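Enquirer: Could you have a look at this structure, given as structure tokens, before my questions?
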Amino acid sequence: MKKTLLLAFILISCGGGASPEITFTSCPNGEVVKDSFEIKYKINSGKHDIASFGYFVYKNEKFFTSAVLGKEYTDDIFNLPESNESLEFGYLIEKDLLTEENNWRLEVEVIDEESNSDYQVCEVTFLPNDT
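End of the sequence shown sits at 131 in our numbering; the numbers just go up one at a time, nothing left out.
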């Protein structure tokens, strides 16, 4: 019994922070009053370098844009987090002044070199335009 508890303790202690993690540092809880909003998020790599990073943007439930970047193709452009590193990223969205609907959805996914991953979503709704 003691060996089992000791083994469980060692696995829990060593396993913390092993997988990558995405944390939104600015994602609104309610409707946004301003005409633009920057969604900010932090990527913590965990024990391994981030190998792939992707974001997917939807406007009013329709695909708007995306980017999927692998480490081997981004080193000259920007750095993905290496092992035990956190980097902050952002995505600026703007209210569409020509439509009533202004719902945005940002999906972010990362995969490390050992195929561990995280996926998080932030949704932004702007207040309707004045009529």
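Note that CB positions come from ideal geometry on N, CA and C, so glycine has one too.
These numbers come from a predicted model, not from an experiment.
1) Once DSSP output is grouped into helix, strand and coil, what is the label at E100?
2) Please report the Cβ distance between V124 and I22, rounded to the nearest whole angstrom; I am assuming they are in contact, meaning their Cβ atoms lie under 8 Å.
3) If you compare alpha carbons, which of E94, D35, I43 is closest to S19?
4) Please report the residue range of the beta strand (DSSP E) in which D118 lies.
5) Counting only C-beta atoms, is E94 closer than 8 Å to chain B at any point?
6) Identify, in the order they occur along the chain, each residue of the same chain with its Cβ nearer than 8 Å to the Cβ of L5, setting aside the five sequence neighbours on each side.
Expert: In this structure, then:
1) As a working mapping, residue 100 is identified with position 100 in the sequence shown. Of the three classes helix, strand and coil, the one that applies to E100 here is coil, per DSSP.
2) Numbered from 1 along the sequence shown, position 124 holds the residue referred to as residue 124. Numbered from 1 along the sequence shown, position 22 holds the residue referred to as residue 22. The Cβ separation is near 16 Å, so there is no contact.
3) Taking the sequence shown and counting its residues from 1, one reaches residue 19 at position 19. Ranking E94, D35, I43 by Cα distance to S19 puts I43 first.
4) On the sequence shown, position 118 is the one that residue 118 refers to. Per DSSP, D118 belongs to the beta strand (DSSP E) from 117-125.
5) Any reference to chain B falls outside this structure, which holds one protein chain only.
6) Working through the sequence shown from its first residue, we reach residue 5 at position 5. A caution first: L5 carries a pLDDT of 38, below 50, which makes its placement in the model too unreliable to give a value.
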